[in-house]
Each structure stands twice: as C-alpha cells, then as structure tokens.
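First the structure, in the form of structure tokens, and then the observations on it.
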Amino acid sequence: MELEKLYKKGNIARAEDGSLLLVNDDKVAYSVNEVVIMIWDVCNGISFKELVNVIASSSGEDTAQLKPALEGLINEMVEAKLIEIR
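Going by this note's numbering, the sequence shown opens with residue 1, and the numbers climb by one from there.
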C-alpha cells in the first residue's frame, strides 16, 4: 500500500442530529469525526506514504506512531467502499 494511490469515494453528509457522515456509492452511511473527514478528503491520488507524512506534519505526531493507526483506518475505509486503492 506504500506507493499505491488512494482515492476517496462517496460523499460527506450530515445526520439529522448534525453529526458527520461519509456515504459510499451504495448509499451506506458511516458516522465519522472531523479527523476522518480530513483524512478522507486528502485521498485524491496521494500515496499512503505521502498521507502519513501529511498527517504527521499537520498533527506533530511521529510517522512511526501514525502509520499503524492510519493503515488500519484506510483498510476499514477501503472495506466500507469510501476509499479506493489503485
């Protein structure tokens, strides 16, 4: 996954209570927070390695600490059809 490109899929929506949702092309909605939206939004052809570096520089976290958590999140988003790997 290091060099393959990540592409966001679906749309951002709001639930009736105002919470954030990501909705995939099958119209399945997932409740998410602003951090997940930010990560999803930068997936416009960025590689996983680039994503880790972007998040590390904006958060001040170490890339070695971020990588496993981001990898897990990206894998969940791929399974949810919210990100495509090409």
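Backbone N, C-alpha and C fix where the C-beta goes; we use that ideal spot for every residue, glycine too.
Cβ pair residue i, residue j closer than 8 Å
i: Val36; j: Val54; result: no
i: Leu20; j: Glu34; result: yes
Beta-bridge pairing of residue i - partner residues as DSSP gives them
i: Ile12; result: Leu22
i: Ala29; result: Val23
For residue i, the first and last residue of its enclosing alpha helix (DSSP H)
i: Glu34; result: Glu34 to Asp41
Boundaries of the beta strand (DSSP E) in which residue i is found, first to last residue
i: Glu84; result: Ile83 to Ile85
Notebook entry, point to check: Which runs of the alpha helix (DSSP H), 4 residues or longer, sit entirely within the stretch 47-76?
Noted result: 48-59
Item checked: Segment contact flag, the stretch 57-72 with the stretch 16-33, C-beta cutoff 8 Å, min 3 pairs -> With a cut-off of 8 Å on Cβ pairs, the stretch 57-72 is not in contact with the stretch 16-33, counting fewer than three such pairs.
Check: If you pair each beta-carbon of the stretch 1-10 with each one of the stretch 20-38, do three or more pairs fall below 8 Å?
Finding: yes
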